[in-house]
Amino acid sequence: MGRNTKGKGMSTYEEMTRDELLTLKDALQKEYDEYCTLDLSLNMARGKPAKDQLDLSMPMLDVISSNTECVDEAGTDLRNYGILDGIDEAKVLMASMLDDDPENVIVFGNSSLNIMYDTIMRCWVFGTLGAAPWSQLEEVKFLCPVPGYDRHFGVTEAFGIKMIPIPMTEDGPDMDAVKELVANDASVKGIWCVPKYSNPGGITYSDEVVRELASMPTAADDFRIFWDNAYTVHHLYDDAADQDQLLDIADACAQAGNPNRYFKFGSTSKVTLPGAGISAMAASPENIADIKARMGVQTIGHDKINQLRHVRFLKNADGIAEHMSKHAAIIRPKFELVLETLSNGLDGTGCGSWSNPRGGYFISFDAPEGTAKRIVSLAKDAGVTMTGAGATYPYKNDPKDSNIRIAPTLPPLEELDQAMKVFVTCVKLAAVEKLLED
11 MGRNTKGKGM
21 STYEEMTRDE
31 LLTLKDALQK
41 EYDEYCTLDL
51 SLNMARGKPA
61 KDQLDLSMPM
71 LDVISSNTEC
81 VDEAGTDLRN
91 YGILDGIDEA
101 KVLMASMLDD
111 DPENVIVFGN
121 SSLNIMYDTI
131 MRCWVFGTLG
141 AAPWSQLEEV
151 KFLCPVPGYD
161 RHFGVTEAFG
171 IKMIPIPMTE
181 DGPDMDAVKE
191 LVANDASVKG
201 IWCVPKYSNP
211 GGITYSDEVV
221 RELASMPTAA
231 DDFRIFWDNA
241 YTVHHLYDDA
251 ADQDQLLDIA
261 DACAQAGNPN
271 RYFKFGSTSK
281 VTLPGAGISA
291 MAASPENIAD
301 IKARMGVQTI
311 GHDKINQLRH
321 VRFLKNADGI
331 AEHMSKHAAI
341 IRPKFELVLE
351 TLSNGLDGTG
361 CGSWSNPRGG
371 YFISFDAPEG
381 TAKRIVSLAK
391 DAGVTMTGAG
401 ATYPYKNDPK
411 DSNIRIAPTL
421 PPLEELDQAM
431 KVFVTCVKLA
441 AVEKLLED
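Numbering (my numbering), first residue to last: 11 to 448.
Okay, here's the thing in C-alpha cells:
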C-alpha cells in the first residue's frame, strides 16, 4: 500500500500565474455549475456494503427454519437461556478471524463497536484486573492514530477521555511518538488500532510496529491496546491473504511478557449482514475471566440461533475466504474506478495525494492544506455527500483541514463514476480558490 503523488510533467497549480489561475477557476466553476444543474443525490458518507454484497448472504437466512433442530454440537437447545460466552462452534469460527484460540474468545451480538464501548465502560467503572477504575483517576488519555476511525473517537470522547493524535506512517502509528508518551505518562491508558487495512488509509501494521506495541515500557500497568481488526478478511486481491500478513498481537504480547496488554475485536458485519451479524473479542485467559465475571451480571447470553446460522453458512476459515472473494469481485472494480478517476483528474496538478489500498473499505485522500471542508461543502451542494471533513481526527479537528475519507462500496458503479467526477472538480476548484486567496 502506497500513496499516489505522481505527476505527468505538466505544471502544478502552484506554478501557475495569477492570470492562469483566474482563467482556470472560470473553467472549473462552469464545470461545477453544470454538475449542480443535474439534481444529483449520491451518497459516499459511510463504508456500507452495497445491495449486491448483502445479497450474497441472503441464503444464510434459509439455513434455519421452523423444521430445523436448533441445537449445537454439544446438544444444547439454542432457543433457550444460557451459554454466556457463545456456542463453541461460533467461538471456533470467530477465532479463525481473530487469529486466536477458541477458548480465548467471547461471541457477542452484531456489533463490535458495542463490545469496544462496553470494554471501555468496564475499565471506566470497575478497572481491569484489579487496577483502579479509570473514572476515579484525575485524567485518562488515549492515543489515536490519525487519520483514523471516527466511531472510535466518539467512544472515548463520550467518556471524557482526552484523545492524543498520533500520526500514521506507512508501517502503522508513529512509534517514536507512541513510546515516548506511554513511557512517561501513567494517565495514557490505551491506544486505538485498526491494524490491517486501516480506516481510512488501508495500512497494514508492520511486524516491527506490532512488536513495539507489545513490548514497549508503559507507565500505566493497565495500559491496553484496543486491536480492532475489522478488515482482516477484507482483501481486494487474491494474493492479499498471503502478501499482507499481520503479526499476531497476542503472540507478540506474550513473548514480550505483557500477555494482558491487548483486547482484540472483530465481527461479520461486512462479511454477512451488518444489521444481523455476530461479533467477538479475544483476550488473554486472565482478561477473559475478568470480562465474563462482569458480563454475567449484564446478560444471560446473546443470540445463539444467529451464531448457529453463521456457523452453518460460513462453516470455517476456508468458507469465510471463499465468501469474501465474492465480496472482492464486487468492490474491487469500485476501488479501481476511484483510483483511476483520481489519477486521470489530478495527476500533475499538485492538488492531493491518496492511498492505494489492497483491502478494507476506504481510500484516504489528502487535499491541499486548508481545503477539505470547502471540498466536502462543494460536493454536497452538487448532490454528492462525503464523509465530513475532520471526521478522521479526534474531536473532528483536522489541524491541516486536509484529509477526506472516500467510501467507494455503497454506490453502484455508474453512480460512483459520476460522484468521483464531481469530487475531482470540487478538489481542483477548492485548490484554485485557496491559491488565489493566498
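Note that CB positions come from ideal geometry on N, CA and C, so glycine has one too.
Item to complete: Note down, one range per segment and in chain order, each alpha helix (DSSP H) of at least 4 residues found wholly within the region 187-248.
Response: Entirely contained in the region 187-248, the alpha helix (DSSP H) runs reaching 4 residues are, in chain order, 217-225.
Worksheet item: Among the residues of its own chain, which have a CB less than 6 Å from the CB of residue 172, if the five just before and after it don't count?
Response: 151, listed in sequence order.
Item to complete: Using a threshold of 9 Å, state whether the C-beta atoms of residue 215 and residue 367 are closer than that.
Response: At a Cβ-Cβ threshold of 9 Å, residue 215 and residue 367 do not count as neighbours.
Worksheet item: Using the rule of at least 16 other Cβ atoms within 10 Å of the residue's Cβ for burial, across every protein chain shown, is residue 384 buried or exposed?
Response: So residue 384 ends up on the buried side.
Worksheet item: By a C-beta neighbour count over all protein chains shown, 10 Å radius and 16 as the cutoff for buried, is residue 326 buried or exposed?
Response: With fewer than 16 Cβ atoms within 10 Å of its Cβ, residue 326 is classed as exposed.
Worksheet item: Taking the C-alpha atoms as reference points, what is the distance between residue 127 and residue 35?
Response: One C-alpha to the other measures close to 46 Å.
Discussion item. To the nearest angstrom, how far is the alpha carbon of residue 361 from that of residue 187?
Written reply: Distance between the alpha carbons of residue 361 and residue 187 is about 29 Å.
Item to complete: Mind checking which residues open and close the beta strand (DSSP E) that includes residue 175?
Response: DSSP places residue 175 in the uninterrupted beta strand (DSSP E) bounded by 172-179.
Worksheet entry | Cβ neighbours of residue 189 in the same chain (closer than 6 Å, five flanking residues each side left out) | Sequence-distant partners of residue 189 (beyond 5 residues in either direction) whose C-beta falls short of 6 Å from its own C-beta, in its chain, are 226.
Practice prompt. Give the C-beta separation of residue 10 and residue 308 to the nearest angstrom, bearing in mind that I take them to be a contact with Cβ-Cβ under 8 Å.
Written response: Residue 10 lies beyond the residue range present for the chain, which begins at 11 and ends at 448; the question has no answer from this structure.
Item to complete: Would you kindly work out how many angstroms separate the C-alpha atoms of residue 212 and residue 191, rounded to a whole number?
Response: Distance between residue 212 and residue 191, taken at the CA atoms: about 25 Å.
Item to complete: Consult DSSP for residue 152 and reduce its assignment to one of helix, strand or coil.
Response: In the structure shown, residue 152 sits in a strand (DSSP, three-state: E or B).
Fill in: Nearest-angstrom Cα separation, counted from residue 283 out to residue 376
Approximately 31 Å, taken between the alpha carbons.
Worksheet item: How many whole angstroms separate the CB atoms of residue 88 and residue 232, which I take to be in contact at a CB cut-off of 8 Å?
Response: Your pair residue 88 and residue 232 does not check out as a contact, with CB atoms roughly 36 Å apart and the cut at 8 Å.
Practice prompt. Measure the alpha-carbon distance for residue 398 versus residue 169 and round it to whole angstroms.
Written response: CA-to-CA, the gap between residue 398 and residue 169 works out to about 22 Å.
Worksheet entry | Cβ-Cβ distance between residue 73 and residue 319 below 9 Å | Going by C-beta atoms, residue 73 is nearer than 9 Å to residue 319.
Fill in: Residue nearest to residue 10 in terms of C-alpha spacing, selected from 93, 94 and 113
Since the first residue of the chain shown is 11 and the last is 448, residue 10 is not available in this structure.
Worksheet item: What first and last residue would you give for the alpha helix (DSSP H) that runs through residue 300?
Response: Note, residue 300: alpha helix (DSSP H), 295-308.
Item to complete: Starting from the C-beta of residue 110, find all residues in its chain whose C-beta is less than 7 Å away, skip the five residues before and the five after it, and write them out in chain order.
Response: Cβ neighbours of residue 110 beyond the five flanking positions: 260, 274 and 292.
Worksheet item: For residue 28, does the count of other Cβ atoms within 10 angstroms reach 16, so buried, or fall short, so exposed?
Response: Exposed, because fewer than 16 other Cβ atoms sit within 10 Å of the Cβ of residue 28.
Item to complete: Would you mind stating whether residue 400 and residue 417 have Cβ atoms separated by less than 9 Å?
Response: Their beta carbons are not under 9 Å apart, which means residue 400 does not touch residue 417 by this criterion.
Worksheet item: Looking only at its own chain, which residues have a Cβ that is under 7 Å from the Cβ of residue 295, when we skip the five neighbours before and after it?
Response: If you ignore the 5 residues before and after residue 295, its C-beta comes within less than 7 Å of the C-beta of 114, all in its own chain and listed in chain order.
Discussion item. In the DSSP assignment, the beta strand (DSSP E) including residue 272 goes from what residue to what residue?
Written reply: From DSSP, the beta strand (DSSP E) with residue 272 extends over 272-277.
Worksheet item: Comparing alpha-carbon positions, which option in 448, 258, 441 and 392 lies nearest residue 428?
Response: Closest by alpha carbon: 392.
Worksheet item: What does residue 375 pair with, by DSSP beta-bridge criteria?
Response: According to DSSP, residue 375 bridges with 364 and 414.
Worksheet entry | Limits of the alpha helix (DSSP H) - the one that residue 334 falls within | Per DSSP, residue 334 belongs to the alpha helix (DSSP H) from 327-356.
Worksheet item: Start and end of the beta strand (DSSP E) containing residue 116?
Response: If you look at residue 116, you'll find it in the beta strand (DSSP E) that goes 115-117.
Worksheet item: Taking all protein chains shown into account, do 16 or more other C-beta atoms lie within 10 angstroms of the C-beta of residue 436, making it buried, or fewer, making it exposed?
Response: A buried status is given to residue 436, since no fewer than 16 other beta-carbon atoms sit within 10 Å of its beta-carbon.
Discussion item. Let me confirm a value: residue 63 is counted as buried when at least 16 other C-beta atoms fall within 10 Å, else exposed. Which label applies?
Written reply: Per the 10 Å Cβ criterion, buried.
Practice prompt. Would you grab the beta carbon distance between residue 386 and residue 54 for me? Rounded to a whole angstrom, and I think it's under 8 Å.
Written response: Not a contact, Cβ separation roughly 11 Å.
Discussion item. Distance check for residue 108 and residue 408, CA to CA, integer angstroms please.
Written reply: Answer to the nearest angstrom: the Cα atoms are 31 Å apart.
Fill in: Residues near residue 197 in its chain [Cβ-Cβ closer than 7 Å; skip 5 each side]
Taking residue 197 as the centre and dropping the five residues before and after it, the same chain places the C-beta of 147, 149, 150 and 151 closer than 7 Å to its C-beta, in chain order.
Worksheet item: According to DSSP, is residue 289 helix, strand or coil?
Response: Collapsing the DSSP output to three states places residue 289 in a strand.
Practice prompt. Write down every uninterrupted run of the alpha helix (DSSP H) in the region 93-134 whose length is 4 residues or greater and which is fully enclosed by it, in chain order.
Written response: With a minimum length of 4 residues, the continuous alpha helix (DSSP H) runs that stay inside the region 93-134 are 98-108.
Fill in: Sheet register partners of residue 52 (DSSP bridge)
Answer is 394, bridged to residue 52.
Discussion item. Less than 9 Å between the C-beta atoms of residue 224 and residue 276, yes or no?
Written reply: For residue 224 and residue 276, no; Cβs fall outside 9 Å.
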